[in-house]
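Before any comments, here is the structure.
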Amino acid sequence: MDLSLDGLPNFDVSVRSGEFAIREALEEAIAALRAFQLDLEQASIVQIILAEVLNNILEHAYPPIGPVGPIHIRCARSRDGLLLDIKDNGRAMPDGKAPVGCSKPVDVAIVDLPEGGFGWFLIKDLTHDVEYRRVGQENQLRLRIAFGANGSG
Numbered sequence: 150m151d152l153s154l155d156g157l158p159n160f161d162v163s164v165r166s167g168e169f170a171i172r173e174a175l176e177e178a179i180a181a182l183r184a185f186q187l188d189l190e191q192a193s194i195v196q197i198i199l200a201e202v203l204n205n206i207l208e209h210a211y212p213p214i215g216p217v218g219p220i221h222i223r224c225a226r227s228r229d230g231l232l233l234d235i236k237d238n239g240r241a242m243p244d245g246k247a248p249v250g251c252s253k254p255v256d257v258a259i260v261d262l263p264e265g266g267f268g269w270f271l272i273k274d275l276t277h278d279v280e281y282r283r284v285g286q287e288n289q290l291r292l293r294i295a296f297g298a299n300g301s302g
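Numbering (the working numbering), first residue to last: 150 to 302.
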């Protein structure tokens, strides 16, 4: 755990893609988030966002039959929320940008429920800013999660 220039906590988590990467990264991130003194709802939001992003990285950037590579998460506390920077060296996102993330119909029969496609909708719904860019061989995703000025959601 480090402190930023303004004295607010931040942390870095680095893992290699692979079968247990999501679990390992989430365990480290959740442990580090304790210093941020988030309430249960805020911590849950961060966990959902990280789980969705990491799942997408492992499913699309580093598919199971492909080579493994690094995943790096940097999280910084700000006065009004969190800033997450997530980087990997996997495949670039299609069209060089983050997916739109549309909601899916859920008022249908169970057998007609769509599989997948909710991840980017959730990520964009739970964050206030999403920036993606490809720099050389690196995917760079920046997410801002806003909480109230006093830390409330």
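For glycine and all other residues, C-beta sits at the position ideal for the given N, C-alpha and C. Note that the coordinates shown come from a computational prediction; the quantities given were computed from them, not determined experimentally.
| Asked | Found |
| --- | --- |
| Inter-stretch contact at 8 Å, needing at least 3 Cβ pairs: the stretch 230 to 247 / the stretch 193 to 209 | yes |
| For Arg-172, the first and last residue of its enclosing alpha helix (DSSP H) | 170 to 182 |
| Option in Thr-276, Val-279, Asp-274 and Gln-289 with minimal Cα separation from Ile-220 | Gln-289 |
| Span separating the alpha-carbon of Ala-247 from that of Gln-286 | 16 Å |
| Which of helix, strand or coil DSSP assigns to Asn-205 | helix |
| Counted within 10 angstroms of its Cβ, other Cβ atoms place Gln-186 as buried (16 or more) or exposed | exposed |
| Reduced DSSP secondary structure (H/G/I, E/B, other) of Val-162 | strand |
| Complete runs of the beta strand (DSSP E) confined to the stretch 186 to 247 [at least 3 residues] | 219 to 227 and 230 to 237 |
| Through-space distance from Leu-275 to Leu-262, alpha-carbon basis | For Leu-262, the predicted structure reports a pLDDT of 47, less than 50, and the residue's modelled location is therefore unreliable. A value from the coordinates is still provided. Cα-Cα distance, rounded: 22 Å. |
| Per-residue burial, Val-164 [other beta carbons within 10 Å of its own, 16 or more giving buried] | buried |
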